[in-house]
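Those protein sequences? They're chains V and Y, same order as listed. The number in my numbering is simply the position in the first sequence, starting from 1, with 134 added. The number in my numbering is simply the position in the second sequence, starting from 1, with 134 added. Notes follow once the structure below has been shown.
Protein chains: 2
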Amino acid sequence: MKLFHPAPKFELTDSQGELVTRDHFAGRYLVLYFYPKANTSGCTREGQEFTARKKDFAKLHADVVGVSPDGLNALCKFIESKDLGIPLLSDPHKGVAEQFGALNEKGGILRSTFLIDRAGVVRWQWKKVRVDGHVDEVYAMVEQLHAADEAMNPLVAVRRSKRALGGKVSRTTIKRLVQAAHLAPSCFNMQPWRFIATTGASLEAVHAGLKGGNAWAKAAPVIFAVVSRPELDCQLSMDREYWMFDSGMAVMGLQLQATQMGLLAHPMAGFDPAVVKKGLAIPDDHVLIALVAVGRPVDVDVLDAAQQKMERAPRERKALGDVLAFDRFDFKTD
Amino acid sequence: MKLFHPAPKFELTDSQGELVTRDHFAGRYLVLYFYPKANTSGCTREGQEFTARKKDFAKLHADVVGVSPDGLNALCKFIESKDLGIPLLSDPHKGVAEQFGALNEKGGILRSTFLIDRAGVVRWQWKKVRVDGHVDEVYAMVEQLHAADEAMNPLVAVRRSKRALGGKVSRTTIKRLVQAAHLAPSCFNMQPWRFIATTGASLEAVHAGLKGGNAWAKAAPVIFAVVSRPELDCQLSMDREYWMFDSGMAVMGLQLQATQMGLLAHPMAGFDPAVVKKGLAIPDDHVLIALVAVGRPVDVDVLDAAQQKMERAPRERKALGDVLAFDRFDFKTD
């Protein structure tokens, strides 16, 4: 198992014979702990201590689930005799334990605990667990993760349309960025977005259309042309131009994926669409919505003084109350 | 310091007297290691072992930086005499070490290492480090994190417009969701999006306008009405309706923040805008772009059979080649 990656999928049976899978916990934290054998003293204490804190974990939207090679009968007896209140799963062939890397060299269970986040990603592991103090330690970790997840998403928080970029971007990365865009939702799943990745010589066609204020973008190793047309999306009443809206959702996915990959992605409206459309052979009936320059961050020295200042200036946003109202339209309409 | 949260900001001086801050590493991984004292045997070995792997770390876009209470002179001598190739920072009052929790009970340095990701978030820590094997262990962790970050963002990957939702959503959460939306970029930073959060009694005004296929949304504790109008954004040539595009970017930020918080967020186009606009007192000259239902995931049993099937069906997307071309427009235009 790799840390930071989605947890291995598993399908195990609980003490009642019900099938329990990883996806059962979607949207919740999962504390999955592997223990060697029902009814032994350490495993009993671990199960009882997790049971005692079950409500605390639940307040953080966390489920605690134990896994051992014991059969259903043994699990049933263990739960009843020790008054355990958490689900125990049977992994008789230790296949799931192996996937999680919870086996020792001899193939026995290594007492281990894994913390899986609400998106299904393994975020922390404890191996060679000593039962003393372990449940408190796990709880403290869930608490920190929960607090972080209730706060602003770090990619949303640090994403900025910066200008000091350069370096190289591989084809694999370009594909990954568009894959992220392509997972956006759209009206009736129409997927109206089209991305032209310009690199190398084809960048000239884009550069020719850039407005002066966007000259910095000439240093970008890739510039995406985002293209669509109204007919590629739902046709809705009352000015709802969904091809633009859905394309916006896709482009935001691209930007956050770029941020995760340590790249800058800067959408631009300042260009001459006629020039760029001609240069990239975009048909007349398609709209060139935006250009998105992507590259690695470089030192701000490459920018002119005015743009260096913008780059360093704090982010400006209207007050939240200017864009959020409760229950009825209640905004200043200036 | 809290794990999973943005790393404490720091400003320290390196052995050359240059100021080094957390933001210096934006877009790169940072391995920040605290060691007790220059020139002692353990610290020398740790510094030399990190130096030996410096290029390997660099390939993963990772910088390794050491921190100790030593003064600049001591650091200079340490680097020269031991042939170290990594920056060493001076934290004479141990203030940064304290912020990171790298002090022992007596106020001395606890040998510790922190792995900070490309967005500035602390993702792993090692405390009471033993030098033997440590650098390899850190490298393996950076490798796993890097591989995960090059793969699909987990929130983008698991976000789906699901229907089985319910539960409660607090005002704090509503604000957090709109804050995430509000950090989207927009043309000339115009921020054209407006969100009306309908909860409680005001939900009726929205329910009255929902199309039959969206009846499931009546179980949502909050439905956002996303509102804008063309004049709130840049006025651009050639059909570029930026108020729709920028609002789309904002709504995607909201959805990913919701996913991080364990919520479902489902944008809908299927409603009667005239009815909902009237119910929420939205002026005629504003467009009701979309409704976004938000709630906690519940069992799919609440849905009818057809919708249960949709909920369980795999996600469908066009092939990547249908939405990504290189260097020129090269799509099927059907």
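Note that CB positions come from ideal geometry on N, CA and C, so glycine has one too. What you are looking at is a predicted structure, and each value in this text was computed from that prediction instead of being measured.
Residue i, enclosing alpha helix (DSSP H) - first and last residue
i	result
V/S175	S175 to A186
Y/M275	H268 to E284
V/E232	G229 to F234
Y/S215	L206 to K216
Y/L289	P288 to V292
Y/H400	Note, Y/H400: premise wrong, no alpha helix (DSSP H); beta strand (DSSP E) at L398 to M402.
Y/Q391	Y376 to Q394
V/A459	Unbroken run through V/A459 is the beta strand (DSSP E), L458 to F460; no alpha helix (DSSP H).
Y/A331	Per DSSP, Y/A331 belongs to no alpha helix (DSSP H); it is in the beta strand (DSSP E), R328 to T333.
Y/R257	Note, Y/R257: premise wrong, no alpha helix (DSSP H); beta strand (DSSP E) at V256 to W260.
V/A314	R305 to H316
Secondary structure of residue i, DSSP reduced to three states
i	result
V/G300	strand
V/G241	coil
Y/I448	According to the sequence provided, residue 448 of chain Y is Pro. The question's Ile does not apply to it. DSSP places Y/P448 in coil when its eight states are reduced to three.
V/D197	strand
V/F322	helix
V/P140	strand
V/L344	strand
Y/V361	strand
V/F191	helix
Y/S336	helix
Y/F465	coil
Nearest-angstrom Cα separation, counted from residue j out to residue i
i	j	result
Y/Q369	Y/A415	26 Å
Y/V198	Y/V428	42 Å
V/E365	V/M378	11 Å
V/G334	Y/D461	8 Å
V/P142	V/G301	35 Å
Y/R270	Y/M372	Here residue 270 of chain Y is Asp; the residue named in the question, Arg, does not match the sequence. Near 56 Å, if we compare the C-alpha coordinates of Y/M372 and Y/D270.
Y/K262	Y/G242	12 Å
V/F465	V/L458	8 Å
Y/A314	Y/G205	42 Å
V/K193	V/T393	32 Å
Y/P319	V/D157	33 Å
V/L299	Y/G161	11 Å
V/L137	Y/R297	30 Å
V/V340	V/L454	36 Å
V/T174	Y/G151	59 Å
V/D380	V/C321	7 Å
V/G396	V/W350	19 Å
Extent of the continuous beta strand (DSSP E) run through residue i
i	result
Y/W350	Where Y/W350 is concerned, there is no enclosing beta strand (DSSP E), given that its DSSP letter is neither H nor E.
Y/I423	V421 to P431
Y/L222	L222 to S224
Y/E145	E145 to D148
Y/L153	L153 to T155
Y/I250	S246 to I250
V/Y479	Here chain V has residues from 135 to 468 only, and residue 479 of chain V is not among them.
Neighbour-count burial assignment, residue i, 16 or more Cβ in a 10 Å radius
i	result
V/S215	exposed
Y/L153	exposed
V/Q389	buried
V/S336	buried
V/S362	buried
Y/H420	buried
V/N287	buried
Y/E375	buried
Y/K411	buried
V/S304	exposed
V/P87	Here chain V covers residues 135 to 468 and nothing more, so residue 87 of chain V does not appear.
V/H280	buried
V/P401	buried
Proximity winner among the options, relative to residue i (alpha-carbon distances)
i	options	result
V/N323	Y/I250, Y/A208 and Y/R451	Y/R451
V/P326	V/M383, V/Y169 and V/T332	V/M383
V/G413	V/L397, V/L344, V/A351 and V/D148	V/L344
Y/D283	Y/G181, Y/P407, Y/Q391 and Y/Y163	Y/Y163
Y/R449	V/K443, V/H316, V/R328 and V/T174	V/H316
Y/D406	Y/T393, Y/N348, Y/G387 and Y/H227	Y/N348
Y/A399	Y/H268, Y/L454, Y/A359 and Y/P417	Y/A359
Y/L166	Y/R310, Y/D266 and Y/T247	Y/T247
Y/V356	Y/W258, Y/P319 and Y/I308	Y/I308
Y/F191	Y/V312, Y/A453 and Y/V272	Y/V272
V/V385	V/R310, V/E338, V/D435 and V/Q182	V/R310
Y/E445	Y/A408, Y/T178, Y/E145 and Y/S295	Y/S295
V/K188	V/G235, V/Q259 and V/G219	V/G219
V/L425	V/A353, V/A331, V/G396 and V/V432	V/A331
V/R264	V/R430, V/L244, V/I423 and V/D418	V/L244
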